[in-house]
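Colleague: Counting with our numbering, you get residues 374 to 612 for the letters of the sequence shown.
Every residue gets a Cβ at the ideal spot worked out from N, C-alpha and C, and that includes glycine.
Can you read through this structure? Questions will come right after.
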Amino acid sequence: MAAVAGRTEHKQDQGAAPQRLLGAGPRRWRWLAIGAALMAMGATAVAAALGQVDARSGVVAATRDLPGGHVVAEGDLQVVEIAGGERLAAIPAARIDGMIGQTVLSPISQNALIAPAELGGDTDHPAEDEAVIGASLADNQVPISLQAGAQVALVITAPPSRESGEATSQEDPAATAATSPPPEEAIAGRVQSVDRPDEASGGQTTRVELVVDAADAAAVARAASADALTVVEVAEGQN
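Okay, structure coming up:
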């Protein structure tokens, strides 16, 4: 009887083992399924990230050289796609229709991206009784915040004193004009373009294009060439 009982217990032990294996199998498959799902989610996230990196934004560029004062026509514009274009100072492609008929304020090169400050209305560009003066100004002669379109007051100061031994004003007609007494009041004007110095190339002056009345153009030009011109930004209507 003891032998029979022993064989019975042995058989029961042998029959119990498969039950534990069968119980472990579904758990293994569940973990495998979870792992596969996580891998799929990771692959989707990576694909989305790569898609964002490669995303391209349409911006507007010139199809040819556009001179200052030119009225923009449909054939002057093209849409180009650039990665990260939404972070550039360029006009988005969605606004291209609104650019037709605007005036080019400063020359734009062929294939160059067009910035909003480079376009304006008819009144933004010099009229028949106005003139554009270029001036290279030091840091203390122009506000660092100056931008195209700003209203300014142009202050003509006394030119630097001439050292003894240099040419006198009688020998230099241009110096005679430059050393003439400055006007008591500032000359009203507005900024057409601002080109900041390139530190990489060692530039030290800011190039500014100023729009003034034609009658004041000569005085402003002389002051600019004599390093006797200071630009003061004012609120619109205070000129």
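Are residue 476 and residue 493 touching if we call contact CB-CB under 8 Å?
Modeller: Here residue 476 is taken as the residue at index 103 of the sequence shown, counted from 1. Here residue 493 is taken as the residue at index 120 of the sequence shown, counted from 1. Yes. Within cutoff.
Colleague: Mark residue 566 as exposed unless 16 or more other C-beta atoms lie within 10 angstroms of its C-beta, in which case mark it buried.
Modeller: Translated into positions along the sequence shown, residue 566 becomes position 193. Buried: at least 16 other Cβ atoms inside 10 Å.
Colleague: Return the first residue and the last residue of the beta strand (DSSP E) that residue 566 is part of.
Modeller: As a first step, residue 566 is located in the sequence shown; it is residue number 193 there, counting from the start. Here the beta strand (DSSP E) through residue 566 covers 560-568.
Colleague: Please list the terminal residues of the continuous alpha helix (DSSP H) segment that includes residue 593.
Modeller: Start at 1 with the first residue of the sequence shown, and residue 593 comes out as number 220. Start and end: 590-598.
Colleague: Measuring only the C-alpha atoms, how far is residue 542 from residue 594?
Modeller: The residue labelled residue 542 in the question sits at position 169 within the sequence shown. The residue labelled residue 594 in the question sits at position 221 within the sequence shown. Only weak support exists for where residue 542 lies, its pLDDT of 46 falling under 50; the coordinates are left without a value.
Colleague: Is the distance from the Cβ of residue 433 to the Cβ of residue 461 below 8 Å?
Modeller: Start at 1 with the first residue of the sequence shown, and residue 433 comes out as number 60. Start at 1 with the first residue of the sequence shown, and residue 461 comes out as number 88. Taking 8 Å as the Cβ cut-off, residue 433 and residue 461 do not qualify as a contacting pair.
Colleague: By DSSP, does residue 506 sit in helix, in strand, or in coil?
Modeller: For the purposes of this step, residue 506 is identified with residue 133 of the sequence shown, where counting begins at 1. Strand at residue 506.
Colleague: Given a threshold of 16 other Cβ atoms within 10 Å of its Cβ, counted over all protein chains shown, does residue 471 qualify as buried or as exposed?
Modeller: As a working mapping, residue 471 is identified with position 98 in the sequence shown. When all chains shown are included, residue 471 counts as exposed.
Colleague: Looking at C-alpha atoms only, which residue of 505, 430 and 508 is the closest neighbour of residue 456?
Modeller: Looking up residue 456 in the sequence shown gives position 83. The shortest C-alpha separation from residue 456 is found at 430.
Colleague: Could you tell me which of 582, 466, 605 and 563 sits nearest to residue 487, measuring between CA atoms?
Modeller: By 1-based counting over the sequence shown, the position of residue 487 is 114. Comparing Cα-Cα distances from residue 487 to each of 582, 466, 605 and 563, the minimum goes to 466.
Colleague: So what's residue 514 in DSSP terms, helix, strand or just coil?
Modeller: Position 141 of the sequence shown, counted from the start, is the residue given in the question as residue 514. Helix.
Colleague: Measure the CB-CB distance between residue 499 and residue 604 and report whether it falls below 8 Å.
Modeller: Here residue 499 is taken as the residue at index 126 of the sequence shown, counted from 1. Here residue 604 is taken as the residue at index 231 of the sequence shown, counted from 1. Not closer than 8 Å, so no.
Colleague: Tell me the DSSP secondary structure of residue 606 in three-state form.
Modeller: By 1-based counting over the sequence shown, the position of residue 606 is 233. Strand, per DSSP.
Colleague: What's the call for residue 474, buried or exposed, on a 16-neighbour Cβ count within 10 Å?
Modeller: Sequence index remark: in the sequence shown, residue 474 carries index 101 (1-based). Result: exposed.
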